[in-house]
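Position one of the sequence shown corresponds to residue 683 (my numbering), numbered consecutively onward.
Where is the CB? At the ideal position from N, CA and C, for every residue including glycine.
Report on the structure given below.
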Amino acid sequence: MAATRARSTLSSPDLGSFRTRGRARGATRNTPTVAAGLGLALAAALAYAVFASGAIGVPEETRLQIGVAVIALATLAVLAFGGGLRVTPAPLAGGGLALLAGFAVWSGLSAAWSVSPDESWLELNRAITYTLVASLGVVLGSSLPRAAERVALGYLALAALAAAYALGGKLFPWLEIPGLIDLDHTADFSRLRAPLEYWNALGLACVLAIPIAVRAAADLASSARLRTFALVSLVILLITLMLTYSRGGLLVLMIGLVLLVAMSTDRLRLAAVLGAGVLGALPGFLVGVMRDDLTRDGLSASARTDDGLILALAVAVGVAITVVLGVRIARAGERLVLSPKADRRARRAGLVLVAALALLALGALAVSERGVTGTVSNTFQEFTEPKFDKQNDPARVLKTNSGNRWIWWEEAAGAFSDRPLVGFGAGSFPLVHRLYRDNTIEVRQPHNVPLEFLSETGLIGAGLGLGGLALLGVVATRTARRGGDPRERAYAATMVVGAAAWGLHTLVDWDWDIPGVTLPVLLFLGVLAARPPSLGPTHRVGGGRRPVRFVLGAAALVAVMALAALPALSEKLTDDALTQAATNTKADLDEAGRKAALAKRLNPFAVEPVFAQAAIAERGNQAAAAGDLLVDAVERQPDNPSTWIRLARFQVLLNDPGAAVKSLVQA
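This is the structure we're talking about:
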């Protein structure tokens, strides 16, 4: 009964900010419904980002960006005229959003000096979308009762579904429903990566959800059905994370769970639930790494079926173990909560244990063959030297090499030192990397988001982007620590832990460029940057200027949609032009040339449409036009080696070796 009364209280927003009792009753009826609609729309956007291969790049990311802008437009309309949503940002939240918006503007401005202006345009679109999602999170957190709990559990359901899909590639590779689902996604590569198509991204998606699963399973106020779902999800998420072989994911998860325990009062029960989850995940993990057909690449579905069924049995046994232990933990109830005195003793014991383990490790290093300094030096050398890392080897989790990250970090640091204030332009690292590398390894990001920002956008851009994220993180942490409903604080803590884990993971990977793992974090931060419906005054688009503000906001959002659509449309027209030109008839060449010319106009920064137009002109025996177009490509991106190489190739065809040599030197 007490839990029921608490939930009833949480579901009733404070209506003191409304002027009349009648308006208050109307808002009570409308606000949760409209806010729930906003939450479902954002959930759909997140689900698309996860299952559209992380929404990395055109056209998947374009669709996501337009969808988010449509959600923002509908939200703006409701704020202006509908009365079903509200905006009550916490102190400093507006500053964090303003910094993120400033980073988006700076990314767009950097196209003026960028070595890769077309990529800077794409970075502008991405930063705008991230800012919109964080802002929509503020609206959702301001309008939806129990927003932290609902958003956290919603993400848990999404991440568990993604993890189950990924794990299904090993369990049931033969399962296919044409046009709907195909689980044979571990045929070419046994390491789990679907549906985000990058193992570290899948691992991070699991990391964001695991603290939520632990909290939900340990929440005695939750229904038995919810606790069971959380326990099952915990096992699936842990096994999936382990089978991604993601060292960064495992490391930030351990740090995040320590942080979760430190922020919670029911530490013992959380630890018990986590232990039950790990115990249940072990059978599946051990089978997954010990059966040859589950760790080898290039095997047919039939060859993996038997071992997949063995793994399925191990997973089922593990789930059963965890659920049984979870039931016993729930029955123990408040007995698994330490008294203040016992809690202090446990903290001291934990610190003593950590210190003892550190001293033990130091002693082991001291008596080793290399000694302390030799071991540290050897480990650092292994970390920094370039080497090929066998990606599907489970033993890679125990290795200390950086996967070539160190050399990419050095390249980014070198670029930053040369242009410390403004950088080489947002999204420019693929070209910057070529200017600074002394190897043939190709990469698009330095695998470190702060260094990526510094090298591409300089101190100004990094200050805006990282400052905005940090400020929102501070606001979110305050929300998780302030008074109010204990369950909301508990779920808010899981979201803060997830955001912190994401922040740590950005130091070793390119998470900013993966909407599938970054959008959830920005939504978390936005929701926690709001005052809940029961707190604070309501801020709405006000007075007689409401229509004017709506029109201005709507115009801006339509412009955002256009900015997102144009590069994708240009790319599609370019591909269509090349496909049509392959027929080599005059009519098709003429039509292909018109498509390429339109693509060139739609994206005045890109060189691919110019290359296509030049190739079509060359097919049509228009050598002079082709040459002029290749010169145009060089003028668009003079720091891009591919533009000079294309020009040099054409100059060789024109029997002008001197000019070709000069072009190659420029490349």
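Residues near P741 in its chain [Cβ-Cβ closer than 8 angstroms; skip 5 each side]: A1250, E1253, K1254
With 16 other Cβ atoms within 10 Å as the buried cut-off, status of T1176: buried
Where V1104 falls: helix, strand or coil (DSSP): coil
Inter-residue Cα distance where the pair is V863 and N1285: Per the sequence presented here, residue 863 reads as Ile, with Val not at that position. Each residue's alpha carbon lies about 35 angstroms from the other.
Nonlocal neighbours in the same chain, by C-beta distance under 6 angstroms from D1338, ignoring five residues either side: none
Backbone secondary structure at E858 - three-state DSSP: strand
Coil, strand or helix - I894 by DSSP: helix
Residues near V1199 by beta carbon distance below 8 angstroms, same chain, minus five either side: G736, L878, A883, L886, A887, L890, W1184, D1193
Contact under 7 angstroms by Cβ, V1203 with A775: no
Three-state class that DSSP yields for R707 in the structure shown: Any reading at R707 must be qualified, since the residue scores a pLDDT of 42, below 50, and its modelled position is unreliable; the value itself is stated next. Reduced to three states, the DSSP call for R707 is helix.
Check whether A895 and A876 have beta carbons under 7 angstroms apart: no
Expected contact under 8 angstroms - CB spacing of A729 and L767 to nearest Å: The Cβ separation is near 22 angstroms, so there is no contact.
Own chain residues within Cβ distance below 6 angstroms of T1126, not counting five before or after: Checking the sequence shown, residue 1126 turns out to be Arg, not Thr. For R1126, where only same-chain residues beyond five positions count, the Cβ hits under 6 angstroms are P1112.
Proximity of F1106 and E1138 at Cβ, strictly below 7 angstroms: yes
Contact set for V971: own chain, Cβ-Cβ below 7 angstroms, skip 5 residues either direction: T977, P1076
One or two residues paired with A1097 in a DSSP bridge: In the DSSP output, where bridge partners are listed per residue, A1097 has none listed.
Nearest neighbour of G1012, chosen from P1323, G938, T987, A898 [CA to CA]: Per the sequence presented here, residue 1012 reads as Ala, with Gly not at that position. Measuring from the Cα of A1012, the nearest candidate turns out to be A898.
Limits of the unbroken alpha helix (DSSP H) element including G766: Premise fails: G766 is in no alpha helix (DSSP H) and is neither H nor E.
Whole-angstrom distance between V1036 and R873, CA atom to CA atom: 33 angstroms
Residue nearest to R1318 in terms of C-alpha spacing, selected from W795, P1197, G765: W795
Rounded Cβ spacing between L939 and L956 (contact assumed at less than 8 angstroms): 6 angstroms
Cβ neighbours of I1089 in the same chain (closer than 6 angstroms, five flanking residues each side left out): P1068
I892 versus L779, L1136, R1163, A953, residue with shortest Cα-Cα distance: A953
Element boundaries [alpha helix (DSSP H), containing I1298]: 1290–1301
Counted within 10 angstroms of its Cβ, other Cβ atoms place R711 as buried (16 or more) or exposed: In this prediction, R711 scores a pLDDT of 47, lower than 50, which makes its location untrustworthy; no coordinate-derived value is stated.
Same chain only: Cβ atoms within 6 angstroms of A1296, ignoring 5 sequence neighbours per side: A1308, L1311, L1312
Rounded Cβ spacing between F1287 and P799 (contact assumed at less than 8 angstroms): 4 angstroms
Bridge-paired residues (DSSP) for A1212: P771
Cβ-based burial, V815 [other Cβ within 10 Å; buried from 16]: buried
8 angstroms contact criterion, which A1094 and P1128 should meet: CB distance rounded: 4 angstroms
Range of the contiguous alpha helix (DSSP H) that encloses L878: Counting along the chain, L878 falls outside any alpha helix (DSSP H), and DSSP gives it neither H nor E.
Burial state of V969 (16 or more Cβ within 10 Å): buried
Backbone secondary structure at A1330 - three-state DSSP: helix
Length of the line joining the Cα atoms of A1278 and E801: 19 angstroms
L1239 beta carbon less than 7 angstroms from that of A754: yes
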